[in-house]
Amino acid sequence: VRGDVRVMDIMVPLFTKADVVIPLAALVGAPICDRDPVTATSVNLNAIVELLRHASKDQAVLIPITNSGYGVGEPGKYCTEESPLRPVSRYGRDKVELERIIMDRGNAISFRLATVFGMSPRMRIDLLVNDFTYRAFTDGCIVLFESHMKRNYIHVRDVARAFIHGLREFDGLRDSVYNVGLSDANLSKLELCERIRRQILNLTILDAPTGSDPDKRDYIVSNAKIEATGYQPAYSLDDGISELIKGYTMIRNTRYGNV
91 VRGDVRVMDI MVPLFTKADV VIPLAALVGA PICDRDPVTA TSVNLNAIVE LLRHASKDQA
151 VLIPITNSGY GVGEPGKYCT EESPLRPVSR YGRDKVELER IIMDRGNAIS FRLATVFGMS
211 PRMRIDLLVN DFTYRAFTDG CIVLFESHMK RNYIHVRDVA RAFIHGLREF DGLRDSVYNV
271 GLSDANLSKL ELCERIRRQI LNLTILDAPT GSDPDKRDYI VSNAKIEATG YQPAYSLDDG
331 ISELIKGYTM IRNTRYGNV
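Just so you know, the numbering used here puts 152 at position 62 of the sequence shown, and the rest follows in order with no gaps.
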């Protein structure tokens with residue numbers, strides 16, 4: 091079915107037939123949400139809240155949120171699922187509010203996803219690892235602003251595996267929030283570039299002494315909670331970079347993004 095997730099006449103008949111609901115329709119990322127804030131909030135928050143009004147308590151919900159909600163963390167301190175949420179963008183604020191509403195409803199799991207990377211059928215070159223690898227591959231140079239800022243990362247296929255894990259282990263995981271990321275990939279932007287340079291040896295990295303990045307997220311994340319349930323990522327950051335380099339021999343066009 092092709093349609094607008096905000097049109098309840100389309101969504102409700104489909105929704106009521108489902109045992110499990112995974113709301114994936116979204117405008118993802120701060121830039122696209124800032125470009126059209128009304129549409130962003132209507133899709134990312136209001137449409138899903140309205141849809142849940144038609145849900146029965148027996149319907150399970152697995153929701154992808156974002157660990158962008160942590161915003162700016164405390165230096166050297168890992169953000170856990172109990173850490174305060176300080177979103178710095180409309181996208182992050184809408185996702186934090188959606189998570190609150192869904193978890194209050196119950197019979198749900200929320201996955202706070204790290205910054206996603208890797209090749210996919212609906213490719214996004216504008217995500218940080220994908221973007222930096224693309225620039226390294228095509229230009230041989232990456233210019234960094236505020237290179238000390240840190241993030242956590244996860245391969246797109248490991249995101250899919252997290253949802254499969256949630257479906258299989260729903261009774262044990264329900265009514266809780268889980269960070270989903272690579273525990274060995276809490277890296278600054280400069281550290282990320284150094285990892286890319288291991289595979290693109292002639293890469294030039296310019297750490298700009300002036301200027302700022304409009305994206306102010308800066309945090310490190312603990313993924314111990316979901317790992318304790320038996321979930322482990324299968325794809326490393328280096329795996330993803332290698333995969334992207336191969337993929338970019340075929341994709342030479344920036345239309346594969348959300349902005």
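Just so it is clear, CB atoms sit at the ideal spot from N, CA and C, and this is done for glycine as well.
*asked:* Taking the beta carbon of Ile-286 as the centre, do at least 16 other beta carbons fall within 10 Å, making it buried, or is it exposed?
replied: Buried, since its Cβ has 16 or more Cβ neighbours within 10 Å.
*Across which residues does DSSP place Asn-242 in a beta bridge pair?*
BP columns for Asn-242 point to Asn-276.
*asked:* Starting from Val-102, trace the alpha helix (DSSP H) in both directions and tell me its first and last residue.
replied: Looking at the DSSP string, the run of the alpha helix (DSSP H) that includes Val-102 is 98-105.
*Pick from Tyr-309, Phe-260, Asp-265: whose alpha carbon is nearest that of Asp-109?*
Nearest C-alpha to Asp-109: Phe-260.
*Just reading off the alpha helix (DSSP H) that Arg-125 is part of, what are its end residues?*
For Arg-125, the enclosing alpha helix (DSSP H) starts and ends at 120-125.
*Going by Cα to Cα distance, which pick from Ser-266, Leu-282, Tyr-243 is closest to Pro-323?*
If we check each option's Cα against that of Pro-323, Tyr-243 comes out closest.
*Val-186 vs Pro-177 beta-carbon contact at 8 Å*: It is a contact, given that the beta carbons lie within the stated cut-off.
*Where the alpha helix (DSSP H) through Ser-332 begins and ends*: Element bounds for Ser-332: 327-337.
*For Tyr-309, which residues from the same chain have a beta carbon less than 6 Å from its beta carbon, with the 5 sequence-adjacent residues on both sides left out?*
The beta carbon of Tyr-309 sits closer than 6 Å to the beta carbons of Tyr-160, Gly-163, Cys-169 from its chain, once the five residues preceding and following it are set aside; these are given in chain order.
*Take Glu-333 as the anchor and find which of Pro-127, Ser-210, Asn-197 has the nearest alpha-carbon.*
In terms of Cα proximity to Glu-333, the closest of Pro-127, Ser-210, Asn-197 is Ser-210.
_N- and C-terminal bounds of the alpha helix (DSSP H) containing Ile-192_ = Going by DSSP, Ile-192 is part of the alpha helix (DSSP H) stretching over 180-195.
*asked:* Please tell me whether Arg-202 and Thr-156 are closer than 8 Å, where the distance is taken between their beta carbons.
replied: Thr-156 sits close to Arg-202, with the two beta carbons spaced by under 8 Å.
*Quick one: give me the first and last residue of the alpha helix (DSSP H) that Phe-222 is part of.*
In the DSSP assignment, Phe-222 falls within the unbroken alpha helix (DSSP H) covering 218-229.
*Under the three-state DSSP convention, the category Asp-265 falls into*: Under the three-state reduction of DSSP output, Asp-265 falls in the coil class, being neither helix nor strand.
*For Phe-207, which residues does DSSP report across the bridge?*
As a beta-bridge residue in DSSP terms, Phe-207 pairs with His-245.
*Is the beta carbon of Val-270 sitting closer than 8 Å to the one on Val-246?*
Remark: C-beta atoms of Val-270 and Val-246 do not approach each other more closely than 8 Å.
_Paired residues, beta bridge with Ile-308 - DSSP_ = The identity of residue 308 in the sequence shown is Asp, whereas the question assumes Ile. Asp-308 is bridged to Val-162.
*Tell me whether Ala-318 sits in a helix, a strand or coil according to DSSP, three-state version.*
Assigned with DSSP and collapsed to three states, Ala-318 falls in coil, not helix or strand.
*Confirm, please, whether the CB-CB distance from Phe-222 to Cys-283 is below 8 Å.*
Contact: yes.
*Buried or exposed for Arg-183, please, with buried defined as at least 16 other CB atoms from any protein chain shown within 10 angstroms of its CB.*
With 16 or more other Cβ atoms within 10 Å, it is buried.
_Burial state of Asn-292 (16 or more Cβ within 10 Å)_ = Within a 10 Å sphere around the beta-carbon of Asn-292 sit fewer than 16 other beta-carbons, which makes this residue exposed.
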